[in-house]
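What follows is a set of notes on a single structure, which appears directly below.
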Amino acid sequence: MDFLHTINYYNNNFWGLNASYTDTFFKFWETSISMNASLQNSSVFNIQAETQKGSAFSYSINNTFTLNKNKTLVFFLNYSHSLAYKNVNSYFHAFPELTSGLKVSLMEKKLQINATVTNVFAQRYRGDLYFADNSQHMDNYWDGRSFRLSVNYTFGSGKKKINKKNINFEEKERVQ
1 MDFLHTINYY NNNFWGLNAS YTDTFFKFWE TSISMNASLQ NSSVFNIQAE
51 TQKGSAFSYS INNTFTLNKN KTLVFFLNYS HSLAYKNVNS YFHAFPELTS
101 GLKVSLMEKK LQINATVTNV FAQRYRGDLY FADNSQHMDN YWDGRSFRLS
151 VNYTFGSGKK KINKKNINFE EKERVQ
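Counting from 1, one number per residue, gives the positions in the sequence shown under this note's numbering.
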(Lines of atoms letter the chains of each structure in order from A and count residues from 1; the text may use other names and numbers.)
(Lines give C-alpha, C1' and ligand atoms only; values in the text may rest on other atoms or scores of the structure.)
Protein backbone atom coordinates (compact mmCIF):
# COMPACT_ATOMS: atom_id res chain seq x y z
CA MET A 1 0.00 0.00 0.00
CA ASP A 2 1.45 3.36 -1.04
CA PHE A 3 0.88 6.25 1.35
CA LEU A 4 0.85 9.82 0.15
CA HIS A 5 3.17 11.99 2.19
CA THR A 6 4.23 15.59 2.13
CA ILE A 7 7.82 16.71 2.33
CA ASN A 8 8.50 20.14 3.73
CA TYR A 9 11.02 22.15 1.77
CA TYR A 10 11.69 25.13 4.01
CA ASN A 11 11.66 26.48 7.53
CA ASN A 12 10.73 30.10 8.00
CA ASN A 13 11.15 32.29 11.09
CA PHE A 14 9.36 35.63 11.48
CA TRP A 15 9.82 38.44 13.99
CA GLY A 16 7.38 41.26 13.78
CA LEU A 17 5.63 44.27 15.16
CA ASN A 18 1.98 45.28 14.89
CA ALA A 19 0.66 48.69 15.84
CA SER A 20 -2.69 50.43 15.47
CA TYR A 21 -4.22 53.80 16.26
CA THR A 22 -7.87 54.85 16.22
CA ASP A 23 -9.13 58.41 16.59
CA THR A 24 -12.12 60.62 15.89
CA PHE A 25 -10.83 63.77 14.24
CA PHE A 26 -14.23 65.40 13.92
CA LYS A 27 -17.66 64.24 15.05
CA PHE A 28 -18.30 62.90 11.55
CA TRP A 29 -14.90 61.28 10.81
CA GLU A 30 -13.35 58.29 12.55
CA THR A 31 -10.17 56.66 11.32
CA SER A 32 -8.23 53.57 12.26
CA ILE A 33 -4.64 53.18 11.12
CA SER A 34 -2.68 49.96 11.49
CA MET A 35 0.70 48.72 10.38
CA ASN A 36 2.55 45.43 10.37
CA ALA A 37 6.30 45.01 9.96
CA SER A 38 8.33 41.81 10.05
CA LEU A 39 11.75 40.36 9.42
CA GLN A 40 12.26 36.78 8.37
CA ASN A 41 14.97 34.28 7.64
CA SER A 42 14.59 30.83 6.22
CA SER A 43 16.38 27.66 5.26
CA VAL A 44 15.47 25.36 2.37
CA PHE A 45 15.94 21.64 1.86
CA ASN A 46 14.85 19.13 -0.78
CA ILE A 47 14.91 21.88 -3.45
CA GLN A 48 17.69 23.81 -5.16
CA ALA A 49 16.96 27.39 -4.18
CA GLU A 50 18.82 30.27 -2.62
CA THR A 51 17.12 31.80 0.39
CA GLN A 52 17.04 35.50 1.00
CA LYS A 53 16.54 37.35 4.23
CA GLY A 54 13.39 39.33 3.90
CA SER A 55 11.32 42.03 5.42
CA ALA A 56 7.70 42.96 4.97
CA PHE A 57 5.68 46.06 5.70
CA SER A 58 1.98 46.68 5.27
CA TYR A 59 -0.43 49.31 6.47
CA SER A 60 -4.10 50.12 6.29
CA ILE A 61 -6.16 53.25 6.78
CA ASN A 62 -9.86 52.74 7.45
CA ASN A 63 -12.08 55.82 7.42
CA THR A 64 -15.73 56.13 8.44
CA PHE A 65 -17.63 59.32 7.62
CA THR A 66 -21.03 59.95 9.18
CA LEU A 67 -23.02 61.97 6.65
CA ASN A 68 -26.02 63.09 8.74
CA LYS A 69 -26.92 64.11 12.31
CA ASN A 70 -28.98 60.99 12.99
CA LYS A 71 -25.97 58.81 12.07
CA THR A 72 -28.11 56.80 9.68
CA LEU A 73 -25.99 57.42 6.57
CA VAL A 74 -22.34 56.39 6.71
CA PHE A 75 -19.67 56.35 3.98
CA PHE A 76 -16.46 54.40 4.41
CA LEU A 77 -13.20 54.49 2.49
CA ASN A 78 -10.50 51.94 3.31
CA TYR A 79 -7.02 51.66 1.84
CA SER A 80 -4.51 48.89 2.47
CA HIS A 81 -1.06 48.45 1.00
CA SER A 82 1.39 45.58 1.27
CA LEU A 83 4.78 46.83 0.11
CA ALA A 84 7.05 44.57 -1.93
CA TYR A 85 8.70 41.85 0.16
CA LYS A 86 10.94 38.79 0.03
CA ASN A 87 10.07 35.45 1.59
CA VAL A 88 12.21 32.27 1.34
CA ASN A 89 13.12 32.24 -2.39
CA SER A 90 10.28 34.50 -3.54
CA TYR A 91 9.78 38.17 -4.24
CA PHE A 92 6.25 39.56 -4.09
CA HIS A 93 5.41 42.91 -5.64
CA ALA A 94 3.51 45.65 -3.84
CA PHE A 95 -0.24 45.13 -3.59
CA PRO A 96 -2.45 48.15 -2.84
CA GLU A 97 -6.21 47.83 -2.43
CA LEU A 98 -9.02 50.36 -2.11
CA THR A 99 -12.44 49.46 -0.70
CA SER A 100 -15.38 51.81 -0.39
CA GLY A 101 -19.01 51.65 0.55
CA LEU A 102 -22.16 53.11 1.99
CA LYS A 103 -24.29 52.04 4.95
CA VAL A 104 -27.88 53.22 5.39
CA SER A 105 -29.83 52.62 8.61
CA LEU A 106 -33.62 52.85 8.48
CA MET A 107 -36.58 52.13 10.75
CA GLU A 108 -34.86 53.32 13.94
CA LYS A 109 -31.69 51.49 12.85
CA LYS A 110 -33.42 48.10 12.73
CA LEU A 111 -32.98 47.88 8.96
CA GLN A 112 -29.43 48.28 7.63
CA ILE A 113 -28.46 48.30 3.96
CA ASN A 114 -24.78 48.02 3.08
CA ALA A 115 -23.21 48.46 -0.36
CA THR A 116 -19.48 47.74 -0.70
CA VAL A 117 -17.04 47.79 -3.61
CA THR A 118 -13.74 45.95 -3.06
CA ASN A 119 -10.48 46.17 -5.02
CA VAL A 120 -11.75 49.29 -6.79
CA PHE A 121 -8.74 49.65 -9.11
CA ALA A 122 -8.55 45.90 -9.98
CA GLN A 123 -5.01 45.37 -8.73
CA ARG A 124 -2.99 42.33 -9.72
CA TYR A 125 -1.03 40.03 -7.45
CA ARG A 126 2.48 39.59 -8.89
CA GLY A 127 5.57 37.72 -7.74
CA ASP A 128 8.77 35.95 -8.74
CA LEU A 129 10.19 32.62 -7.50
CA TYR A 130 13.89 31.91 -7.87
CA PHE A 131 15.44 28.45 -8.07
CA ALA A 132 18.99 27.35 -8.92
CA ASP A 133 18.08 26.36 -12.49
CA ASN A 134 15.03 28.51 -13.29
CA SER A 135 12.85 31.38 -12.23
CA GLN A 136 9.10 31.61 -12.32
CA HIS A 137 7.08 34.78 -12.65
CA MET A 138 3.42 35.16 -11.85
CA ASP A 139 0.98 37.89 -12.73
CA ASN A 140 -2.36 36.87 -11.28
CA TYR A 141 -5.60 38.66 -11.74
CA TRP A 142 -8.45 36.78 -10.13
CA ASP A 143 -10.95 39.52 -10.89
CA GLY A 144 -11.18 40.06 -7.17
CA ARG A 145 -13.15 43.25 -7.66
CA SER A 146 -16.58 42.85 -6.19
CA PHE A 147 -19.79 44.65 -5.36
CA ARG A 148 -21.66 43.42 -2.30
CA LEU A 149 -25.12 44.43 -1.24
CA SER A 150 -26.45 43.25 2.10
CA VAL A 151 -29.66 43.90 3.97
CA ASN A 152 -29.96 43.19 7.70
CA TYR A 153 -33.04 43.49 9.85
CA THR A 154 -33.01 43.22 13.66
CA PHE A 155 -36.20 41.78 15.11
CA GLY A 156 -37.51 42.64 18.56
CA SER A 157 -36.99 45.57 20.85
CA GLY A 158 -33.57 47.16 20.93
CA LYS A 159 -34.13 48.26 24.52
CA LYS A 160 -32.93 46.04 27.32
CA LYS A 161 -34.87 45.77 30.53
CA ILE A 162 -32.72 46.28 33.60
CA ASN A 163 -33.88 45.35 37.07
CA LYS A 164 -32.30 47.45 39.78
CA LYS A 165 -32.15 46.35 43.38
CA ASN A 166 -31.98 48.77 46.25
CA ILE A 167 -29.42 47.55 48.71
CA ASN A 168 -29.65 48.63 52.32
CA PHE A 169 -26.24 49.42 53.74
CA GLU A 170 -27.45 49.98 57.34
CA GLU A 171 -25.39 47.11 58.75
CA LYS A 172 -22.23 48.37 57.02
CA GLU A 173 -22.77 51.91 58.31
CA ARG A 174 -23.52 50.64 61.84
CA VAL A 175 -20.19 48.78 62.05
CA GLN A 176 -18.14 51.85 61.17
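Idealized CB from N, CA, C, for every residue including glycine.
Which complete beta strand (DSSP E) runs does the segment 34 to 69 hold, if anything under 3 residues is left out?
54 to 66
Sub-8 Å separation of glycine 127 and asparagine 114 beta-carbons
no
Quick check: the Cα distance between phenylalanine 45 and asparagine 8, rounded to an integer number of angstroms?
8 Å
Just list the residues that DSSP pairs glutamate 30 with in beta bridges.
Thr24, Thr64
Whose C-alpha, out of Thr22, Asp23, Asn11, is nearest the C-alpha of glutamine 40?
Asn11
Should serine 183 and tyrosine 85 be called a contact, given that it needs their Cβ atoms to be closer than 8 Å?
Because the chain spans 1 through 176 in this model, residue 183 falls outside it and cannot be assessed.
What's the call for lysine 53, buried or exposed, on a 16-neighbour Cβ count within 10 Å?
exposed
Find the nearest neighbour of methionine 138 within the set Trp29, Tyr125, Ser34, judged by alpha-carbon distance.
Tyr125
Cβ-Cβ distance between asparagine 68 and asparagine 78 below 8 Å:
no
Use the C-beta contact count for phenylalanine 92: other C-beta atoms within 10 angstroms, 16 or more gives buried, fewer gives exposed.
buried
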